[in-house]
Each structure stands twice: as structure tokens, then as C-alpha cells.
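Engineer: Numbered per this note's numbering, the sequence shown spans residues 2 to 428. Quick reminder that beta carbons are idealized off the backbone N, C-alpha and C, glycines included.
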Amino acid sequence: MADRLNSEIAIIGGGWAGLAAAVTLADAGKHVHLFESAKQLGGRSRSVNWDGLTIDNGQHLMAGAYRQTFALMDRLDTLGLLERRRLDLRGPGFQLTLPKLPAPFHLVAGLISARGLSLADKWAAVRFMQALKRRHFRLDHDITASTLLATYLQPGELVDRLWEPICVAALNTPLAMASAQVFCNVLRDSLAGAREDSDFLFNRSAMGRLLPEAAQRFLTERGSSVQLSSRVDGLRLEDGRFILGGPDAVSDRLIIATHPSQTPALLAGVDAAAAIAAKLRQFSWQPIFTLYLRFASPIAFPYPMLALDHGAAFWAFERNDLAPGLVAIVASAEGPHLQQTPESLRDELLQKLATDLGPLPPLLNWKAINEKRATFACTPNLDRPGNATPVPGLYLAGDYTAGDYPATLEGAVRSGVECARLILERT
Ligand SMILES: Cc1cc2nc3c(=O)[nH]c(=O)nc-3n(C[C@H](O)[C@H](O)[C@H](O)COP(=O)(O)OP(=O)(O)OC[C@H]3O[C@@H](n4cnc5c(N)ncnc54)[C@H](O)[C@@H]3O)c2cc1C
């Protein structure tokens, strides 16, 4: 016991949720000990090395409504690494741009002037948004997003071009499986929110610089510790304190901020948390696939993000900020693309990119990254655990905890800030 690391607050997991909790606590004068099993911080939103280049583990995009994420980045002085642009969804034969008008006129004007939708589609979209607004975006019972759209008689072309791309990108879950309530929450806070809430924010630097590296500096400068390559492999309660196996630490308060698939194993040593572990075992997962293409020279994009096909299964991002000539193509959720070999998918996507942008410079190199458990499947009526637990002193942070949002950076940050708030309120 004498050699054990003794702390008031410990955090397991240095993804965006764990880091948000740690920074908020350190900012309030607390000393925390954060244990991260990987060699670097960031979890599912981190930098990786590829042939001497620093790239992201997957292409990310933020929405103007990510208020707590921006507040945290502002505190860490990294907000300037984001580029804010008005929403502009572009793809073959389609464009939806939201003009600089106050809400809700920006949306109505944007829909009415959208390219590639019939007049009937446009009015159906406006009527749908108005109907949801009248219900305050609350459904009596959760159903699938596809059932919701069918109930509101949304035409197939409109679903393919607008609603499905938004739903799949935001919830990372196919329309036929996705929670209509969470889809409504996303529409409420983006298209139906304040005009700037619908903006897109593009990272103009590797994900690691946006939060993880700055958070690590912030924590160590304030006397907190961050231990990398430090896996907590077991947890038990002794006299009301948490004993962490692996780093051999003891703590009065503990935030578990691991991936939801890893949390049940840690909770196994805490009887009173068995119901939470059982809930999490019911979750299922959805992948995100990113293909990086490195061209010999930069490619001019008309907007930093382009849909590569009609149903917007693939979005291409210009990433000259990471390396000149770098393009990232991302596909959310499960789909037929995952049955293809990486080589055939690469060739198909090169073809689509050339169709959109014209002849491409020579391809120097490429890399495919498929994150198999990128997010939980955001299905109807998912029973997501809260941040407080029945065990005094034990908290859960992560994009999967109860909240309005699907698995997103903002969901992760909100959960971490909320855990910190609960701890500060109770000390
Ligand atoms: C490819 C991809 C693209 C995405 N795109 C977007 C996007 O465009 N916009 C958006 O908002 N969101 C996006 N997301 C989702 C977003 O990245 C996640 O919601 C968020 O990063 C989750 O953070 P977290 O802290 O909850 O969990 P995690 O990032 O999973 O963090 C958990 C951490 O705990 C550590 N850990 C686990 N077990 C242990 C242990 N026993 N001991 C110590 N440490 C442990 C892990 O190593 C990890 O660092 C994307 C995700 C992926 C994978």
C-alpha cells in the first residue's frame, strides 16, 4: 500500500471525454491523475503517423453547435486551428447552401434555392422541419429515422440527397436502424438552430493538436499527472476508495472515460455497477472508414468537403493543411463498401473524385483506415447510462453516456465537463 499512487481524483482514459473532465477539474484547482493505455492521448480522435506525415485516425468534422468543445478549445488556446464555414452540402447535381440570414430564414431560403431538388421536394422538406418544430423536436415514442421520414411523406429523392446523408454522417448509423429522436435532436441543434449552429468547422491541423497535446500541457503545468502506456486492468472498492490494478493506484473519486465496449470489464469489480455494465453489453458498434490519398500536387476543391456520389455515402475533404496534395475520403457507418478490397475501393473513389474535380495529379501514396468500433450504433430507445453512478465517487464519461447527442466529440466533451461539475459540486 505504501508504494501505491494516492490521489483524490483519478481518470481512466485520455480520449476527449477524459481530457475534458481532467482540464475542467485542473482549471478549478484540482490535481488529477489520468491513466491512458495507449502511447498517446486522443482515443478515437487522435493523430497517427503515416510515412513521416501526421494525419488523423479518421476524418472529423465539427458543427457550429459544438459549444462545449469550442469553450474547451478556447481555454486551451487551440480554437484558431478550426476554420469556420457556412453549411454548404455539395455533390453531383446537388447543392444546399445556407445564406447569411437570421434563423429560420436561412434554412427556408437555403432549401428553396437548393439545386437538384424539385419544388415538391423543397416544400416537403420545409413542411417536415416546420412539423418537427411544432412538436419541439420531441417524439412520443422513438422509432427509426426511416419510419419517421416515411410518416412525414418525405419523397425518396429528398431522403437520398438530404436526410440520409445528414442522418448517417451525424449518427453514424444507417437510416433504417437510426434513432428518429436523436436525428430530431441533431436537426433541432443544426438546421433549426441559430444560423451559426449550422456552420461547419474544419480542422486545419491534426486532431492531436486540437485538444490532446494542449490538454496534456495544461494538466502537467497545473500539477496533474498524465501517464501514457498505463492500462488499468482491474478495479475494486476498498473502504470506499477505488483501487486501480495496473498502475497500482488508489483514489477517492474515479471517472471511467473508456470506450463503452471496454467499460463493462472495469465495472466487473464493482458490484453496485453491475446494471450499468449489463446495459453497455447490449450496445452494438458502427465503423467509420477513411481513405487518405496523397497526390503529387494540391487539388483545388470548390468547398473543403464534397459528396462524391448521389446518396453521399462518401465525402471527400481537402487536407492540404496536413500535407500538400492530401485528400481524405470518409464513409460513415456500415455499408457495401466494406465488402470491397481496399484497392478496388481506392480505384472506385479515385474515379469518383476525377468525375467531380476533373483530371487528378499523379497519386503518390494511399492509406485506408477502418475504425471498426468508431461509435455505438445510435438505435431507437437506447438506454444510455448517466454520468453519475449508484456508487459514491464513481462517474462515467464518454460519448455514449446519456445525452441528446449521438457519439460525437461534443457528446464526449459534454460528458467529461459534466463529470467534473458533479465532482466539484460534491467536494
Ligand atoms: C474515424 C472516426 C471519425 C469520427 N468522426 C467524427 C466527426 O466527424 N465528428 C464528431 O463529432 N465525432 C466523430 N467521431 C466520434 C468521436 O471521435 C468520438 O465520439 C470521441 O472521440 C469519443 O471520445 P471518448 O473520450 O468518449 O472515447 P475514446 O476516444 O474511445 O477514449 C477512450 C480512451 O480510453 C482509453 N482506455 C480504454 N481502456 C483503458 C484502460 N483500461 N486503461 C487506460 N486507458 C484506457 C483508450 O485508449 C482511449 O484513449 C469519429 C470517430 C471516429 C473513430
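What residues in its chain sit with their C-beta under 6 Å from that of L55, if we drop five residues either side in the sequence?
Structural biologist: Indexing the sequence shown from 1 puts residue 55 at position 54. It should be pointed out that residue 55 corresponds to Thr in this sequence rather than to Leu. Closer than 6 Å at the Cβ level, and outside the excluded window around T55, lie S48, A207.
Engineer: For Y396, tell me which candidate among L6, S119, A11 has the shortest Cα-Cα distance.
Structural biologist: As a working note, residue 396 is residue 395 in the sequence shown. Among L6, S119, A11, the Cα nearest to that of Y396 is on A11.
Engineer: Can you tell me whether R86 sits near ligand 1, meaning its C-beta is under 7 Å from at least one heavy atom of the ligand?
Structural biologist: Position 85 of the sequence shown holds residue 86. Not so, every heavy atom of ligand 1 lies at least 7 Å from the Cβ.
Engineer: Could you give the uninterrupted runs of the beta strand (DSSP E) lying entirely in the segment 144-232, keeping only those of 3 residues or more?
Structural biologist: Segments of the beta strand (DSSP E) lying fully in the segment 144-232: 201-204, 226-228.
Engineer: A446 bridges to which residues according to DSSP?
Structural biologist: Outside the displayed span of the chain (2 to 428) sits residue 446, for which this structure offers no information.
Engineer: Rounded to whole angstroms, how far is the Cβ of G59 from the Cβ of V331, which I believe are closer than 8 Å?
Structural biologist: By 1-based counting over the sequence shown, the position of residue 59 is 58. By 1-based counting over the sequence shown, the position of residue 331 is 330. Yes, they are in contact, since the Cβ atoms of G59 and V331 sit about 7 Å apart, within 8 Å.
Engineer: Would you say the beta carbon of T409 is closer than 7 Å to some non-hydrogen atom of ligand 1?
Structural biologist: Taking the sequence shown and counting its residues from 1, the one referred to as residue 409 is at position 408. Yes, the Cβ of T409 comes within 7 Å of a heavy atom of ligand 1.
Engineer: For R91, which of helix, strand or coil comes out of DSSP?
Structural biologist: Here residue 91 refers to the residue found at position 90 of the sequence shown. Of the three classes helix, strand and coil, the one that applies to R91 here is strand, per DSSP.
Engineer: Would you give the residue range spanned by the beta strand (DSSP E) that A375 belongs to?
Structural biologist: Counting from 1 along the sequence shown, the entry for residue 375 is found at position 374. Here the beta strand (DSSP E) through A375 covers 364-377.
Engineer: Which value, in whole angstroms, describes the spacing of the CA atoms of V24 and L229?
Structural biologist: Within the sequence shown, residue 24 is the residue found at index 23, counting from 1. Within the sequence shown, residue 229 is the residue found at index 228, counting from 1. So the alpha carbons of these two residues sit roughly 16 Å apart.
Engineer: Please list the terminal residues of the continuous beta strand (DSSP E) segment that includes S48.
Structural biologist: Locating residue 48 in the sequence shown gives position 47, where the first residue counts as 1. That run of the beta strand (DSSP E) goes 48-51.
Engineer: Shortest alpha-carbon distance to L140 belongs to which of A181, A170, T380?
Structural biologist: The residue given as residue 140 occupies position 139 in the sequence shown. Of the candidates A181, A170, T380, the one whose C-alpha sits nearest the C-alpha of L140 is A181.
Engineer: Classify A21: buried if its beta carbon has 16 or more other beta carbons within 10 angstroms, exposed otherwise.
Structural biologist: One-based indexing of the sequence shown puts residue 21 at position 20. Looking at its Cβ environment, which holds 16 or more other Cβ atoms inside 10 Å, A21 is buried.
Engineer: Which residue's Cα is closest to the Cα of K101: G81, F95, L88, S119?
Structural biologist: Mapped onto the sequence shown, residue 101 falls at position 100. Checking every option, the nearest Cα to that of K101 belongs to L88.
Engineer: For A267, collect the residues of the same chain with a Cβ closer than 8 Å to its Cβ; drop the 5 residues on either side in sequence, then sort them by chain order.
Structural biologist: Here the question's residue 267 lines up with position 266 in the sequence shown. As written in the sequence, residue 267 is Leu, which differs from the Ala given in the question. Taken in chain order, the residues that qualify are I13, V233, G235, L236, I257, T259.
Engineer: Hey, could you find the ends of the beta strand (DSSP E) I10 is sitting in?
Structural biologist: Counted from its first residue, the sequence shown places residue 10 at position 9. Note, I10: beta strand (DSSP E), 6-13.
Engineer: Decide yes or no for the touch test of the segment 282-302 against the segment 28-42: beta carbon pairs closer than 8 Å, at least 3 of them.
Structural biologist: No: fewer than three Cβ pairs fall under 8 Å.
Engineer: For P261 versus L238, is the C-beta spacing smaller than 8 Å?
Structural biologist: Taking the sequence shown and counting its residues from 1, one reaches residue 261 at position 260. Taking the sequence shown and counting its residues from 1, one reaches residue 238 at position 237. Cβ distance not < 8 Å, so P261 and L238 don't count as in contact.
Engineer: What would DSSP say about L62, mapped onto helix, strand or coil?
Structural biologist: Here the question's residue 62 lines up with position 61 in the sequence shown. The answer is coil: DSSP assigns L62 none of H, G, I, E or B.
Engineer: DSSP on R422, reduced to helix/strand/coil?
Structural biologist: Along the sequence shown, one-based indexing puts residue 422 at 421. Helix, per DSSP.
Engineer: Considering only residues of the same chain and omitting the five flanking positions on each side of Y304, which have a CB-CB separation below 6 Å?
Structural biologist: The count along the sequence shown starts at 1 and reaches residue 304 at position 303. Within the same chain, Y304 has close Cβ partners D89, R91.
Engineer: How many Å lie between A104 and D190 at the Cα?
Structural biologist: Here residue 104 corresponds to residue number 103 of the sequence shown, with the count starting at 1. Here residue 190 corresponds to residue number 189 of the sequence shown, with the count starting at 1. About 12 Å.
Engineer: Taking only three categories from DSSP, how would you classify P105?
Structural biologist: Working through the sequence shown from its first residue, we reach residue 105 at position 104. It is coil, neither helix nor strand.
Engineer: Check whether the Cβ of F36 lies closer than 7 Å to any heavy atom of ligand 1, and answer yes or no.
Structural biologist: Taking the sequence shown and counting its residues from 1, the one referred to as residue 36 is at position 35. Yes; taking the cut-off as 7 Å, the Cβ of F36 has a heavy atom of ligand 1 nearer than that.
Engineer: On the three-state DSSP scale, how would you describe A39?
Structural biologist: For the purposes of this step, residue 39 is identified with residue 38 of the sequence shown, where counting begins at 1. It is coil, neither helix nor strand.
Engineer: Could you tell me whether any non-hydrogen atom of ligand 1 is closer than 7 Å to the CB of L82?
Structural biologist: The residue given as residue 82 occupies position 81 in the sequence shown. It does not: the Cβ of L82 is nowhere closer than 7 Å to a heavy atom of ligand 1.
Engineer: Could you say if the segment 192-204 and the segment 61-70 meet the contact criterion of at least three C-beta pairs nearer than 8 Å?
Structural biologist: A contact exists between the segment 192-204 and the segment 61-70.
Engineer: Would you mind sorting L188 into buried or exposed? The rule is 16 or more other CB atoms within 10 Å of its CB.
Structural biologist: By 1-based counting over the sequence shown, the position of residue 188 is 187. With 16 or more Cβ atoms within 10 Å of its Cβ, L188 is classed as buried.
Engineer: W432: beta carbon under 7 Å from a heavy atom of ligand 1?
Structural biologist: Since the first and last residues shown for the chain are 2 and 428, residue 432 lies out of range.
Engineer: Give the straight-line distance between the Cα atoms of A3 and D249, rounded to the nearest whole angstrom.
Structural biologist: Position 2 of the sequence shown, counted from the first residue, corresponds to residue 3. Position 248 of the sequence shown, counted from the first residue, corresponds to residue 249. Confidence at A3 is low in this model, with a pLDDT of 48, below 50, so the placement of that residue is unreliable and no value is reported for it.
Engineer: Helix, strand or coil, according to DSSP, for R427 in the structure here?
Structural biologist: As a position in the sequence shown, residue 427 is number 426, starting the count at 1. Three-state DSSP puts R427 in coil, outside helix and strand.
Engineer: Is the beta carbon of S38 sitting closer than 8 Å to the one on S231?
Structural biologist: As a position in the sequence shown, residue 38 is number 37, starting the count at 1. As a position in the sequence shown, residue 231 is number 230, starting the count at 1. Yes, the pair counts as a contact, with Cβ atoms nearer than the cut-off.
Engineer: Between the Cα of A151 and the Cα atoms of A29, E349, L176, D405, which residue gives the shortest distance?
Structural biologist: Looking up residue 151 in the sequence shown gives position 150. When only C-alpha atoms are compared, the closest one is L176.
Engineer: Once DSSP output is grouped into helix, strand and coil, what is the label at A3?
Structural biologist: Mapped onto the sequence shown, residue 3 falls at position 2. Because A3 carries a pLDDT of 48, less than 50, the predicted location of this residue cannot be relied on, and the following value inherits that uncertainty. DSSP places A3 in coil when its eight states are reduced to three.
Engineer: Between which two residues does the alpha helix (DSSP H) carrying R347 extend?
Structural biologist: Translated into the one-based positions of the sequence shown, residue 347 becomes position 346. 343-358 is the span of the alpha helix (DSSP H), which, as asked, contains R347.
Engineer: On the three-state DSSP scale, how would you describe E335?
Structural biologist: One-based indexing of the sequence shown puts residue 335 at position 334. Coil, per DSSP.
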